[in-house]
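Step one of this worksheet: look at the structure below.
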């Protein structure tokens with residue numbers, strides 16, 4: 559399983575925030591989780607399981623996908639199933655725990671047998687993805703380390 563992102567500084571600040579950002583009126587330490595999830599840091603993300611590509615360099619809001627994948631760990635543990643859906647389109651990635659394997663399907667279709675990986679590999683991959691994302695963002699934007707949303711992400715990575 560592989561989940562990673564490619565930073566793109568031209569996509570750090572979402573539309574609607576450019577003027578406020580340039581004027582120094584955006585405080586990343588206090589900006590809302592919702593704004594961080596949907597208006598900042600839109601980077602290409604790769605998500606490949608068992609040789610099947612679920613996301614391939616699609617620019618999506620990094621903070622949102624980190625939260626969504628982090629919450630999928632909780633849902634897989636508690637309910638045995640989870641979904642990753644996207645506000646900007648109808649694409650859905652579905653995960654189901656079958657024994658110690660996470661099977662994945664999507665609204666775009668997948669081959670049979672369904673791509674899968676061990677639950678431990680999924681947990682490890684998601685934790686690493688979140689950790690890498692948080693570390694990258696906080697290194698380049700230190701004020702983010704004070705934002706409650708980033709603390710929440712760090713907690714999700716410690717599940």
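Numbering (the working numbering), first residue to last: 559 to 717. Note that the Cβ used here is the ideal one computed from N, Cα and C, for glycine as well. Quick caveat: nothing in here was measured; it's all calculated off a predicted structure.
(1) Measuring CB to CB, does residue 600 end up less than 8 Å from residue 574?
(2) Output needed for residue 648: all residues of its chain with C-beta closer than 8 Å, excluding positions within five of it in sequence on either side, in chain order.
(3) Given a threshold of 16 other Cβ atoms within 10 Å of its Cβ, counted over all protein chains shown, does residue 658 qualify as buried or as exposed?
(4) Rank 651, 604, 643, 691 by C-alpha distance to the C-alpha of residue 672 and give the top, closest one.
(5) What does a CB cutoff of less than 7 Å around residue 689 pick up in its chain, not counting 5 residues either side in sequence?
(6) In the DSSP output, which residue or residues are listed as bridge partners for residue 611?
(7) Would residue 637 pass as a contact of residue 653 if the rule is Cβ separation under 8 Å?
(8) With 16 other CB atoms within 10 Å as the buried threshold, where does residue 622 fall?
(9) How many Å lie between residue 683 and residue 581 at the Cα?
(10) Alpha carbon to alpha carbon, how far is residue 602 from residue 586? Give it in angstroms, no decimals.
(11) Residue 711 to residue 624, Cα distance in whole Å?
(12) With DSSP run on the structure shown, which of helix, strand or coil describes residue 694?
(13) Can you tell me which of 609, 663, 692, 566 puts its alpha carbon nearest to the alpha carbon of residue 616?
Quick look at the numbers:
(1) Within the chain shown, residue 600 is the residue found at index 42, counting from 1. Within the chain shown, residue 574 is the residue found at index 16, counting from 1. Not in contact: residue 600 and residue 574 (Cβ atoms no closer than 8 Å).
(2) For the purposes of this step, residue 648 is taken as the residue at position 90 of the chain shown. Closer than 8 Å at Cβ, skipping near neighbours: 665.
(3) Position 100 of the chain shown, counted from the start, is the residue given in the question as residue 658. Residue 658 should be labelled exposed.
(4) Within the chain shown, residue 672 is the residue found at index 114, counting from 1. Nearest C-alpha to residue 672: 651.
(5) In the chain shown, the residue the question calls residue 689 occupies position 131. Closer than 7 Å at Cβ, skipping near neighbours: 715.
(6) By 1-based counting over the chain shown, the position of residue 611 is 53. For residue 611, which the question treats as bridged, DSSP gives the partners 606.
(7) Residue mapping note: residue 637 aligns to position 79 of the chain shown, counting from 1. Residue mapping note: residue 653 aligns to position 95 of the chain shown, counting from 1. No; because the gap between Cβ atoms is not below 8 Å, this pair is not in contact.
(8) Counting from one through the chain shown, the residue named residue 622 turns up at place 64. It counts as buried.
(9) In the chain shown, counting from the first residue as 1, residue 683 sits at position 125. In the chain shown, counting from the first residue as 1, residue 581 sits at position 23. Using only the alpha carbons, I get a separation of about 38 Å.
(10) As a first step, residue 586 must be located in the chain shown, where it is residue number 28. As a first step, residue 602 must be located in the chain shown, where it is residue number 44. About 21 Å.
(11) Here residue 711 is taken as the residue at index 153 of the chain shown, counted from 1. Here residue 624 is taken as the residue at index 66 of the chain shown, counted from 1. Roughly 7 Å between the two C-alpha positions.
(12) Position 136 of the chain shown holds residue 694. Note: residue 694 maps to helix in three-state DSSP.
(13) Within the chain shown, the letter at position 58 stands for residue 616. That would be 566, whose Cα lies nearest to the Cα of residue 616.
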